[in-house]
Structures are given as C-alpha cells and as structure tokens.
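Quick note, the sequences are listed as chains A and B, same order. So for the first sequence, UniProt numbering puts the first residue at 1; every next one is plus one. So for the second sequence, UniProt numbering puts the first residue at 1; every next one is plus one. The C-beta atom is built at its ideal place from N, Cα and C for all residues, glycine as well. Predicted model, so just to flag it, every value in this text is computed and none were measured. Structure, as structure tokens:
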Amino acid sequence: MSMRTLPLLFINLGGEMLYILDQRLQAQNVPTEKTSKVMNDIICTLFSKPFMEELFKPQDMYSKRTQRAVLIRLAHSSIMRLNQASMDKLYDLMTMAFKYQVLLCPRPRDLLLVTFNHMDAIRAFVSDTPAILNQVEETYQQLIKVYTPLSDGEFQLLRQTLLMCFQDLQIRVSAFLKDKVQTCSGRFVLPLGGPVPCGSEVPGLIRLFVRCPGEACRGQEVCHLFPSGGAYCGALPEGSFHMSGDRVITLGTNMYSESRPVQTQVSESQNFGQHTKMSIAPNLLAKEELTLLSHLLGSLENQDPDKTRTFYRVNLFTVDMEEEYGNCVELSFQVLNIQAAKDQQAEEELARIVGEFTEKGEPSSSPRSKGDDLLTLMDELQ
Amino acid sequence: MYHKEKSIQIKSSASALYNNLSVLRIAPRCLTYFTVVHANVVNMVSASWDGLNFSHRQLQSKEGNIAASSSLIMQASWCVLPSRELLVLTSQKGIQMYESDGSIMVYWHALDNPETPTAQAVFARGIAAVRENYICVGISSGSVLVFDIPSKGSNVMLSEVLEEHRDAVTDMASECSGSLEYMADLVTADDSGLLCVWKSGEDFQLLHKIPGFDVSCSSVKLWKGTVAAGYGTGQIRIYEAVTGIVHAEVNAHARWIYSLDIAPFSGLLLSGAEDSLVRVWHLTMNPDANSVEVEHLYSECITDTQICGAKFCDGDGYAFAVTGYDLSEIIRYTQA
C-alpha cells in the first residue's frame, strides 16, 4: 500500500509521546529545565538528519514489532529510563491517540494538518534551542515538499495503510472516555453532524437536470431535499499547509493538561487474539528496518560521547507496577532476533545493537519507592 | 423500510478499503457467499438462506513466489460469467483468480514490483466481469488489464491492456441489467475522478471519457446505460454513459463514499460512506425526457462505524449487507 507512511507515523507518535512525557513530568513537579532536557534529547533524536532521511525513503510499513522497538529506543534516547509497565502504557496511549486522529480527520489530506499540529507543539518545546529548532524546521520543509503535491487519493491510501496498522487496537483511554469520544467497548465515537470536510457539501440535496427534447431547450434543474440524519453545517476554512499558520483542525494538538492526568484502562473485553495475525511481517524489510534502528543508535552515539553517564529510571504512571527493568531489554532482543535469522550482515549489526541495549540498559542498583521515583531521579539529574 | 437481521460474525475485522464486501448468491443451493478483506487475509462466509448454517474459510494471499512475504490485499470480488464464477483477489503483488468456493487457484498474474521501492505504490484494485468471457482488473499505474477467461480450465490469457487512466484505478463496473441493448459494457474510475466508458470485444473500444474534478471516484456502477459514481466529497453523480451528460448530483454523504451498489431489477441504489451512514436511493429512467429521477428512500446509521462495504444481497434490493472498519461482523438488513 502507501510507501509514504513512515514519516507521518513516527512524527505523530513521537509528538504524542512528548505530550504525555511533558504532562507527566510537570505533574510530578519536575523543574522545568529538567523536563526540557528530557524533551530536547528526544526531539533531537527524532529529528536527527540520518533518522529523518531514512524515514523519508519510500518504503512499506514496518512490522509492529519494529515500530515499537524504534519508539522504545526513542523514549530512551534521553537520560530517562522507563520500566516495562510505563513503556507499555505510554505506547498504548500514543497509538490510541494517533489512531483517533487518523480515524477522525475529516479529509485524508487533513492527516498533514494533524502532523503540523504535532510539529507546531514540538517547535514550541524547543524554541529556546536553536540547533534543535533548525532540525525541526528542516523537517517541516521536507514534509511540505513531499506531501503537499500528493493527490487526495494518495492521501486516502496513506490513511488506509495507517488504519490497517492500528486495526483491532481498542484500548480504552480515560481522557477519551471522559470526553465521550470513546465508548466502553473501545470504539471511537463518530459524530453525526458538525462541519463537513473542506470541499464537501452538506448532505441533503438532490439536483436533477431535466432536458426537454429539441436543441433549443436548455433544460432545467429540479432540486429535492432529503433528511440527512445529522446536524451538519458548512465546511470550516482550510487550515494552513505552510510552515506556520492556523491549522484550523484541533486533532493532533495537546489534549493533556494538569487537570486531566494521563491514565489508561486496558480493555479486557476485546479480542486481542487477532493481534498476532495482524503483524503482517516478519517481512523482508528486516534490513531496512535495521538500518533505521542503527541510525537511531548511531545518532545517539554521536551526541553522547560520555558513555559513563547515569540513566534514571522513571515510573510515569501512578498505578502499581512491577518493576522489572530487564523486560525491556528482553523485548528488544526478541524483536531483533527474528530478523537476524535472515542474513549475516544483519546479524553482525544486531550483535552491536543488542550490545548497545544491554550496555545502556544496566538497571540502576538502588531500588526506589514507586511514586517518588521521578522526583528523586530528576533531582539527581544535574 | 428495512429492518436489521441477525449479523454474520467473521473471523477477522474488515480493513478500510473501498468496496470491501462482495456478495454472491447461489440460488440452486440456497446459499449466499460473502467476502471481506482483512489485511492479508480474505474472510469468506457461506450463509444458508434459512439463516441456520454458516461456514467460514480464510484465504491467505498466496503469491506465486513462496519466499515472498504475503502481501496486503486491496479487494476481493466474485466475478460471474455465463460459464463460470470466479473469486478474484487483488493485492500489492498481483492478481489471483480462484474457483468461486476459494478451493483452487486458477490463475496468478504478478505485477511488476521495482527492486527498490518507489514513491508510487504498486497494487491492483477494481475488478469486473464483462460480457461472456472477460475479467478486467485495474492497476495503480492507471492501466486496466483485460483477461480472457476460458469456459473451464486455467488457460486464462491477458488479452489487452487499456491505457487511458493516468491515476490509480479505484473501481470498475460492467452493465448490470443483463440487457444487450446498451452500448456501454464497462466503466472504469480512478483517483482523479476520471471515468472511462468502454465497449467490450476483441479490442475494447473507448466510448467516452467523463472528466473528473480532482476528487477520487471510489465506487462506480453501470445500469441501463447509466453511470452512478460515488466520490471522496460524499457526492453521488448520475451520468449517461455514452455521452457523459449529467443527470443528477446528490450531496449524499458528509464523508468519503466507500461503496455503491445497484439492484438491477428494481433500480435501487445503495451507498455507504465513512460518515457511518448507509443510504438507499431509487433511480427511475425517463427515456422521453432523457433524464433520470433520483429519490431518497432510506438511511441507516451503523453507529461509530466507518462503512467500507455495502452490497445488495439480491437483484431486487430486498436485502443488503454492510461492513465497516474494525468491525468483525457483516450487518444485514431486510425489507419489512
């Protein structure tokens, strides 16, 4: 299907990750400068040149496992370390938020506006750091260059490809439930009404063109109305597809705030047996996927010559969680192993990457109480 | 006008793809077959008319090359020719034709996939059986492949490639009234909204090009020389096939239309869209005035479901079936 999904996928999921981290770090009263250190590191990694170049190459969608591995890697590109439970929850929140945006965007083309909403917020996060700001702005230009010429049909294909990637994922998110945009079954609410998409007309009108015989007669137009079944109104003005400006649609803006903490409930009623079937890969993209991972790691190495720096464990969510740090490393191991069976070169690359994971993944020795984790850790940050 | 029947459960949920439901009525055996695409799998269900027996089957997109990973399926559709019925699957890798029960693959046509992926996605989409012996399939490049189907056996031949579309083919339809009095046999649609009207034969002849307006035409039907086309804007347009004259414009849906169907005996038109609504319209020909009347008959909301497939289950439009993204069931409605 679409060969253009990766930049939108990772920028939007990355954007959601940053919203959640920002809110969680603030909610735990972490000083601003420490929060922004974490944010900056992640943004710097996400928008690093080699990583973006890799994403913008035309290619098929990645397997779910690779997507997850890359995003875990991204979350860990700062000094912050998440345990398995926090990471799982963060991942669920990110993917459900983006699924909601993909599903609800009025026209397929509006996916680009959703992406710009994330980009605008990211730009604001790094407004004081010119070097990173520059990377972000380059990505804007790249997005505009690659995506604005696409036809509506190509955008629809892109949207359908993303929807396939999130198919059967029906985790309940408290923020969505509270806003009544998600039902208890995990399905998102589709409003029957509101403004129609740009370029569409409010449903309810039938225009018939009746021609009478004979050349001279130009015919007449007859209109009939029918009940549309919803309270629809005319389209809003089109949002800005430029570097800045009013995007008009709010999908992709930050939905978390101090008053609305990030929480999830995991739906148990859903049929998760289908998940394994849906992970279409292990496909033959293993090599490309590895390249991407190694770019991510590569960029980390460059930016972090000081290999001895300490990592901090963070418990993002206040619910009880098992603190099994090793899980995360294991997961990455699993992901990469599958691909390793395929070629020798990949295997060597793998060994390096896995080494990287374990090396950086050494759990800090002193056990900490769950709730205070972040605070304590952040205090040690400087 | 219609009431909801018991739904049919399917093994995996429907993907968001145009025309993602195909229905085949097998009258001698009092059975109806349904297919719904889920990523790289086709869900097949055969349902007995008394509603008591359902049998399920899943088809993987087996490719010619075993080593290749299984690719995503774009569409599955039954093709009814006078001599035989085939199930046609289109995917990223190519076109597969099966016996109608999905048991035997009769033919496999591979698409040219470049070694290094390019920005232009490669896939086949849009399937139609035309007249006695043709099955036509659209390609993302805009080409329409015409296959000559033998009355039995697997000696399928690619007989012609039609090159009039410049954008990816979205859907196509053959004349469904069964009457031979109409000149046009086939209409093909693409991502720019362009419609091409064809007369079939040893060489397919282009009768007319109905220009698009840069909005995808996602679903198209041809009935009694009249084209019904559904667009990304939610609009339905009714054209005279051979001249391209517009008979009607209907602001039918608030979101992208995914599926249209016509019940040839009654002139009922069914439309399903991302706005979660499925609507039934009535088309009446008025040959004296050279016009077509369109009347709205019925709407049904499938709550919180972006509809991706909607098909009548019989030629009168007595019953219809609907599928939607993330939905693991086929919802059926019957006239009260």
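> Alpha carbon to alpha carbon, what distance is there between Val294 of chain B and Trp237 of chain B?
Replying inline: Here residue 237 of chain B turns out to be Arg, not Trp, going by the sequence shown. So the alpha carbons of these two residues sit roughly 10 Å apart.
> Roughly how many angstroms separate the alpha carbons of Asp306 of chain A and Lys37 of chain A, rounded to a whole number?
Replying inline: For Asp306 of chain A, the pLDDT reaches just 47, beneath the cut-off of 50, and the residue's location in the model is therefore unreliable, leaving the point undetermined.
>> Give me the subset of the segment 19-36 of chain B whose CB atoms are less than 9 Å from a CB atom of chain A, sorted by chain position.
In response: Cβ contacts with chain A come from no residue of the segment 19-36 of chain B.
> So, are the CB atoms of Gly126 of chain B and Val156 of chain B less than 7 Å apart?
Replying inline: The answer is no: Cβ separation not under 7 Å.
> Along chain B, which residues have their Cβ under 9 Å away from the Cβ of Pro31 of chain A?
Replying inline: Simply none; closest approach about 42 Å.
> Measuring CB to CB, does Val227 of chain B end up less than 7 Å from Ala241 of chain B?
Replying inline: Closer than 7 Å, so yes.
> For His253 of chain B, which three-state DSSP category applies?
Replying inline: Residue state, collapsed to three classes: coil.
>> Counting C-beta neighbours from all protein chains within 10 Å, is the total for Ile104 of chain B 16 or more, i.e. buried, or is it exposed?
In response: Per the 10 Å Cβ criterion, exposed.
> Excluding the five sequence neighbours on either side, which residues of its own chain have a C-beta within less than 6 Å of the C-beta of Ser212 of chain B, listed in chain order?
Replying inline: Going by the sequence as given, residue 212 of chain B is Gly instead of Ser. The beta carbon of Gly212 of chain B lies closer than 6 Å to those of Ser192, Gly193, Leu194 in the same chain, with the five residues before and after it left out.
> Quick one: what does DSSP say Val242 of chain B is sitting in, helix, strand or coil?
Replying inline: DSSP places Val242 of chain B in coil when its eight states are reduced to three.
> So Ala124 of chain B and Ser2 of chain A are in contact, right, with Cβ under 8 Å, and what is the actual spacing, rounded?
Replying inline: Ala124 of chain B to Ser2 of chain A, Cβ: 15 Å. No contact.
>> Could you compute how far the alpha carbon of Thr5 of chain A sits from the alpha carbon of Cys198 of chain A?
In response: If you draw a straight line from the Cα of Thr5 of chain A to the Cα of Cys198 of chain A, it is about 23 Å long.
>> Let me make sure I understand the geometry here. Which of B:Val246, B:Gly230, B:Val278, B:Gly317 has the alpha-carbon closest to that of Pro264 of chain B?
In response: That would be B:Gly317, whose Cα lies nearest to the Cα of Pro264 of chain B.
>> Under DSSP, the alpha helix (DSSP H) around Ser36 of chain A begins and ends at which residues?
In response: For Ser36 of chain A, the enclosing alpha helix (DSSP H) stretches over residues 32-46.
> Can you list, in chain order, the residues of its chain whose CB lies under 7 Å from that of Val36 of chain B, leaving out five sequence neighbours each side?
Replying inline: A distance below 7 Å between beta-carbons, with the five flanking residues on each side excluded, links Val36 of chain B to the following residues of its chain, in chain order: Ile10, Ala14, Asn20, Leu21, Asn43, Gly309, Thr323, Ile330.
>> Per DSSP, what are the beta-bridge partners of Arg332 of chain B in this structure?
In response: Beta-bridge partners of Arg332 of chain B (DSSP): B:Ala321.
>> Quick check: what's the CA-CA separation for Thr148 of chain A versus Met243 of chain A?
In response: Answer to the nearest angstrom: the Cα atoms are 12 Å apart.
>> Give the list of continuous beta strand (DSSP E) stretches no shorter than 3 residues that lie fully inside the segment 144-198 of chain B.
In response: For the segment 144-198 of chain B, whole beta strand (DSSP E) runs of length 3 or above, ordered along the chain, are 144-148, 157-162, 169-174, 186-190.
> Roughly how many angstroms separate the alpha carbons of Asp343 of chain A and Leu72 of chain B, rounded to a whole number?
Replying inline: Reliability fails at Asp343 of chain A, whose pLDDT of 41 lies under 50, so the model's placement of it is uncertain and the value that follows must be treated cautiously. Each residue's Cα considered, the two are about 24 Å apart.
> What did DSSP end up calling Ile104 of chain B once you bin it into helix, strand or coil?
Replying inline: Three-state result, Ile104 of chain B: coil.
> What does His247 of chain B touch in chain A if you count any residue whose Cβ is under 8 Å from its own?
Replying inline: Simply Leu208, Phe209.
>> So Phe147 of chain B contacts chain A; which residues on that side make the cut at Cβ distance below 9 Å?
In response: Within 9 Å Cβ-Cβ: nothing; Phe147 of chain B doesn't reach chain A, min ~23 Å.
> Does the beta-carbon distance from Gly142 of chain B to Asp167 of chain B come in below 7 Å?
Replying inline: Yes; because the gap between Cβ atoms is below 7 Å, this pair is in contact.
> How about Ser86 of chain A and Asn315 of chain A: are their beta carbons less than 7 Å apart?
Replying inline: In this structure, Asn315 of chain A lies closer than 7 Å to Ser86 of chain A by Cβ.
> How about Pro211 of chain B: is its C-beta nearer than 7 Å to some C-beta of chain A?
Replying inline: Output row for Pro211 of chain B: interface = no.
>> If we define contact as Cβ-Cβ less than 7 Å, is Asp92 of chain A a contact residue for chain B?
In response: Cβ-Cβ to chain B under 7 Å: no for Asp92 of chain A.
> Since Tyr147 of chain A is in the beta strand (DSSP E), which residue starts that stretch and which ends it?
Replying inline: Membership of Tyr147 of chain A in any beta strand (DSSP E) is not indicated; the residue belongs instead to the alpha helix (DSSP H) covering 130-147.
> Leaving out the 5 sequence neighbours to the left and right, which residues in its chain are closer than 6 Å to Val197 of chain B when beta-carbon positions are compared?
Replying inline: Excluding sequence neighbours, Val197 of chain B sits near Ala184, Val187, Leu207, His208, Ala241.
> Is the CB-CB distance between Gly272 of chain B and Ser259 of chain B below 7 Å?
Replying inline: Going by C-beta atoms, Gly272 of chain B is nearer than 7 Å to Ser259 of chain B.
>> If you reduce the DSSP assignment to three classes, tell me which class Arg125 of chain B lands in.
In response: The answer is strand: DSSP assigns Arg125 of chain B an E or B state.
> Taking just the CA atoms, how far does Thr95 of chain A sit from Leu55 of chain A?
Replying inline: So the alpha carbons of these two residues sit roughly 18 Å apart.
> From B:Ile302, B:Gln306, B:Gln335, pick the residue whose C-alpha is nearest to that of Phe312 of chain B; which is it?
Replying inline: Closest option to Phe312 of chain B, Cα to Cα, is B:Gln335.
> Hey, is Ala110 of chain B's beta-carbon within less than 7 Å of any beta-carbon in chain A?
Replying inline: Not one chain A Cβ lies under 7 Å of Ala110 of chain B.
> Rounded to a whole number of angstroms, what is the C-alpha to C-alpha distance between Phe320 of chain B and Asp314 of chain B?
Replying inline: Approximately 8 Å between the Cα atoms of the pair.
> Between the C-alpha atoms of Asn53 of chain B and Ala47 of chain B, what's the straight-line distance to the nearest angstrom?
Replying inline: C-alpha separation (whole angstroms): 6 Å.
>> Check whether chain A comes within 7 Å of Ile171 of chain B, counting only Cβ atoms and requiring the distance to be less than that.
In response: In the sequence under discussion, the amino acid at residue 171 of chain B is Asp, which differs from the Ile named in the question. False, the Cβ-Cβ gap to chain A never drops below 7 Å.
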